[in-house]
Amino acid sequence: MRTVTIFGATGSIGESTVDLIARAPEQYRVVALTGGRNVARLAEQAILLNAELAVTAFDDCFADLKAALAGTGIEVAAGGAAIVEAADRHADLFMSAIVGAAGLPPGLRALRHGTTLALANKESLVTAGPYLLAEAARYGATILPVDSEHSAVFQALVGEDMQTVERVIITASGGAFRDWPMEKLAGATIEQASSHPNWDMGQRITIDSASMFNKAMELIETKEFFGFQPSQIETVVHPESLIHALVGFNDGALMAHLGPPDMRHAIGYALHWPERGHVPVERLDLVKIASLNFRPADEARYPALRIARDVMQTGGLAGAAFNAAKEAALDAFIAGQIGFLDMARLVDEVLNRLQGQNGLSCDILSLDKVLETDHLAREMTQEFVQVTAAR
Ligand code: NAD
Ligand code: MG
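Letter 104 of the sequence shown, counting from 1, is numbered 104 in full-length UniProt numbering, and no numbers are missing.
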C-alpha cells in the first residue's frame, strides 16, 4: 500500500493520476488532494479516493469546499500556505501537477521530507532546477520526471552509464500550427491555439505547444534534470507523437521510447517505480501506424527554441525570468491583449533587458532569488504588454 498526495488533482495530469489510483484502490491510500476553483470536482475526487484532506488554492472557495464535503469526515483547507502544509503530512509519493511557478513551493516542501516527488510541473525545474536538485540531494529525496519526454529519457537510461550518452533527442508534435503558413501565425486566435492535434492537456500547456514554448521549457528541463550540456540536447518535429524521446550512445545506438500519446503512461511509470506495473493505455499497433515522420524544428517558425538555447547558456536566474515572462505573456495572450507572435517577442525583450540590467547569471540559486526574479520579470512583461496593447 503506497500513500499518495496529488498537488493539482483537478487538472489534466491530476485527473489522469486520480484515474489510475481509482482503478487500483487496494494499492494506494490518498493523503491529500489539492485543486483550484473547481471545488465540486475536488470534493468528488476526495470522496472517490477517500482522501484525508482536500485543499483549494483559493480562500474564497473554502466555504463551498467545506459544504461539499460536510459529513464525510474529510478535512478541508484553503490557500497557498495550506497547500504547502499538505506536504508536511507524510506520503510515499507526491504528484506535482499544479500548473505554473505556483507548483514550486509545495514540491520543495515535499522534497524536504525526503520523499519521492513525481514531477509533472516543469516550471519547477525551469525556474529553480539546480536548487531543487540540491535540496533533493540534501534531504535524500527522489525526483521522478513525469513529463512524457523526460520519463522516456529516464527509462532509456536505466542501467546505462551517463558517460556513454552522446545526445538526447526530444521530439515535438509541432502543435496546432505546424502546417500553417508563417504569414498566418500573427493572426492566430486563442481558440485556434487551444486545440492540440495529438494530446488532450490543460489550456496553458496546449497554447505553449502551439508556440513551442512547451518544447523550449522541456529542453531546459532536460538540461537541468539530467545534467546534459545544451549542445547534447536536440529537438525534432515528429507529428505522430508516438516516439517521446531518444537517447544516443557512443556506439551509435539510439534508444527510442514509444507509447501512445496518453500521460497515464508516464504517470503510471512514476507510481510503480522502481518496478513496472500494469497501466491501462492503448497498445500500439505498428502495422496500423505503418510510418513515423520527422521534420527539422525550424527556429524561424519557433523562436521559443532559440530563446531556450540562450537561457541554457546563461543558466542561473535566466530560467526563472524566462518562465515568468512566458507565463505573463501567455496570460496577456489569453486575455486578448497581445497577438500570438508577441509572446516570443516580449519574452525575448524581457530577458535582454534583465540581462543588461542585473545580469541573470548567478552561482548559487536560492528560492528568494528565484522568486524575486520571477516577480521582476512578470512586472516587466506586463509593462511591455501595455505598450504593445496601446499600439
Ligand atoms: P491544468 O491546467 O489542467 O491543471 C492545473 C492544476 O493546478 C489544477 O488542479 C488547478 O486547480 C491547479 N492550480 C492552478 N493554479 C494554481 C495555483 N495558483 N495554486 C495552486 N493550484 C493551482 O494543467 P495540466 O495540463 O494538468 O498541467 C499541470 C503541469 O503538468 C504543468 O506544469 C504542465 O506543464 C505539466 N505537464 C502537463 C502535461 C499534460 O499532458 N497535461 C504533460 C506534461 C507536463
Ligand atoms: Mg512533454
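Glycine included, each C-beta is placed from N, C-alpha and C at the ideal position.
As the structure is a computational prediction, the values presented were derived from the model and not from experiment.
Exercise. Starting from the N-terminal side, write out each stretch of the alpha helix (DSSP H) that is 4 residues or longer and does not extend beyond the UniProt domain "DXP reductoisomerase C-terminal" (258 to 379).
Key: Within the UniProt domain "DXP reductoisomerase C-terminal" (258 to 379), the complete alpha helix (DSSP H) runs of at least 4 residues are 264 to 272, 286 to 289, 303 to 314, 318 to 334, 342 to 357.
Practice problem: List in chain order the residues whose CB is within less than 6 Å of at least one heavy atom of the ligand MG. | Solution: D147, S148, E149, E218
Practice problem: Confirm the yes/no value for this check: CB of K122, any heavy atom of the ligand NAD, distance under 8 Å. | Solution: yes
Practice problem: Jot down the residue ranges of each uninterrupted alpha helix (DSSP H) in the segment 182 to 247, minimum 4 residues, whole runs only, in chain order. | Solution: Every unbroken stretch of the alpha helix (DSSP H) spanning 4 or more residues and falling wholly within the segment 182 to 247 is given here in chain order: 190 to 193, 203 to 211, 213 to 226.
Quiz item: Is any heavy atom in the ligand NAD found nearer than 8 Å to the beta carbon of I205?
Solution: Yes, Cβ of I205 sits closer than 8 Å to a heavy atom of the ligand NAD.
Quiz item: Counting Cβ pairs closer than 8 Å, one from the segment 59 to 79 and one from the segment 87 to 96, do we hit at least three?
Solution: no
Quiz item: Does the beta carbon of F7 fall short of 8 Å from some heavy atom of the ligand NAD?
Solution: Shortest gap from the CB of F7 to any heavy atom of the ligand NAD: under 8 Å.
Quiz item: Based on the DSSP output, what are the partners of P145 in its beta bridges?
Solution: DSSP, once it has assigned bridges, lists L119 as partnering P145.
Quiz item: Going straight from the alpha carbon of V347 to that of N323, what length do you get?
Solution: 9 Å
Quiz item: Exposed or buried, what is D374 when buried is set at 16 or more other beta-carbons lying within 10 Å of its beta-carbon?
Solution: buried
Practice problem: Tell whether a beta-carbon distance below 9 Å holds between F384 and A193. | Solution: No.
Practice problem: Look up T10 in the DSSP assignment and say whether it is helix, strand or coil. | Solution: Coil.
Practice problem: Flag N38 as yes when its Cβ comes closer than 8 Å to any non-hydrogen atom of the ligand NAD, and as no otherwise. | Solution: The closest heavy atom of the ligand NAD lies less than 8 Å from the beta carbon of N38.
Quiz item: Do S12 and the ligand NAD come close, with the Cβ less than 8 Å from some heavy atom?
Solution: Correct: S12 has its Cβ closer than 8 Å to the ligand NAD.
Quiz prompt | Length of the line joining the Cα atoms of Y28 and M182 | solution = Approximately 48 Å, taken between the alpha carbons.
Quiz item: Between the C-alpha atoms of G277 and L20, what's the straight-line distance to the nearest angstrom?
Solution: 11 Å
Quiz prompt | Chain-order list of residues whose beta-carbon lies under 7 Å from that of R306 (same chain, five-residue window excluded) | solution = Hits under 7 Å: E299.
Quiz prompt | Extent of the continuous alpha helix (DSSP H) to which A51 belongs | solution = Premise fails: A51 is in no alpha helix (DSSP H) and is neither H nor E.
Quiz item: Can you tell me where the alpha helix (DSSP H) with G107 in it begins and where it stops?
Solution: 104 to 111
Self-check item: Buried or exposed (CB count within 10 angstroms, at least 16 for buried), P106
Solution: buried
Practice problem: Classify A78 as helix, strand or coil using the three-state DSSP reduction. | Solution: In this structure, A78 counts as strand in the three-state DSSP scheme.
Practice problem: Taking only heavy atoms of the ligand COA into account, decide whether any of them is closer than 8 Å to the Cβ of A256. | Solution: Summarising the ligand content, the structure contains the ligand NAD and the ligand MG and does not contain the ligand COA.
Quiz item: Taking DSSP as the reference, what is the three-state secondary structure of E166?
Solution: strand
Quiz item: In chain order, what residues of the same chain have a beta carbon less than 7 Å from the beta carbon of M255, not counting five sequence neighbours either side?
Solution: A156, L246, V247
Quiz prompt | Member of I170, W199, I243 whose CA lies at the smallest distance from the CA of F226 | solution = I170
Quiz item: What residues in its chain sit with their C-beta under 6 Å from that of A302, if we drop five residues either side in the sequence?
Solution: According to the sequence provided, residue 302 is Tyr. The question's Ala does not apply to it. Here the set comprises M212.
Self-check item: Coarse secondary structure for S96, derived from DSSP in three states
Solution: strand
Practice problem: Check whether the segment 36 to 51 touches the segment 1 to 19, taking contact to mean three or more Cβ pairs, one atom from each stretch, closer than 8 Å. | Solution: yes
Quiz item: Just to check, is the beta-carbon of M263 closer than 8 Å to a non-hydrogen atom of the ligand NAD?
Solution: yes
Quiz prompt | Closer than 8 Å: N214 CB and nearest the ligand NAD heavy atom | solution = yes
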